[in-house]
Amino acid sequence: MRCFWKYAYFSDVADHSDDVFREILRSSRKNNQRSGVSGILVRDKNTYFQYLEGDKEALADCVLRISGDSRHNNMTVIFSAQTAALFFDGWSLAEAKLPQRKQNLSAFKRLLLGLPMEDRIAMVDEVCLEAKLLL
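Letter by letter, the sequence shown follows residues 1 to 135 of UniProt numbering.
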């Protein structure tokens, strides 16, 4: 059975304009498609939440690229974990909306950071399933 990795983080952006968001989506989709990484990107004003998944090396390269992007500040990793299945296989990057109860990203971030690692992963998995249904 093939093994994948998943990675979730929050970051802040100084310029939260629609133009910057669209440019991040455009460049991320291009890079992710080329490397076989999939996931979702959610924004709430100047806070971004991103869930990524794919092969370990491709995902590590993607995370390195993001962490070096000057548009992202205060990057907070929620988890990096092995997974047997992909939620967003074939989607380079979807702009997603979270379920209503998780739409305040700052509150969602505080909630996740207060949980043990396995509970963080379970909650993000649940949110990704719900977000996929909303796409």
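From the three backbone atoms N, C-alpha and C, an ideal C-beta is built for every residue, glycine too. This structure is a prediction, so every number in the text was calculated from the model and none was measured.
Where do the N-terminal and C-terminal ends of the beta strand (DSSP E) with Lys-6 fall, by residue? Note, Lys-6: beta strand (DSSP E), 4-12.
Should Val-37 and Leu-59 be called a contact, given that it needs their Cβ atoms to be closer than 8 Å? The Cβ-Cβ distance between Val-37 and Leu-59 falls below 8 Å.
When the Cα atoms are used, what is the spatial distance from Arg-71 to Phe-108? Cα to Cα, the separation comes out at about 21 Å.
Compare the Cα-Cα distances from Phe-49 to each of Arg-2, Leu-133, Ser-27 and Ala-94 and report the closest residue. For Phe-49, the closest of Arg-2, Leu-133, Ser-27 and Ala-94 by C-alpha to C-alpha distance is Ala-94.
If distances are taken between C-alpha atoms only, which option among Ser-28, Ile-121, Gly-114 and Glu-23 comes closest to Tyr-7? Residue Ile-121 is the option with its Cα nearest to Tyr-7.
Stretch-stretch touch, CB-based, cutoff 8 Å, three pairs: the stretch 75-89 with the stretch 18-35: They do not touch, by the three-pair rule.
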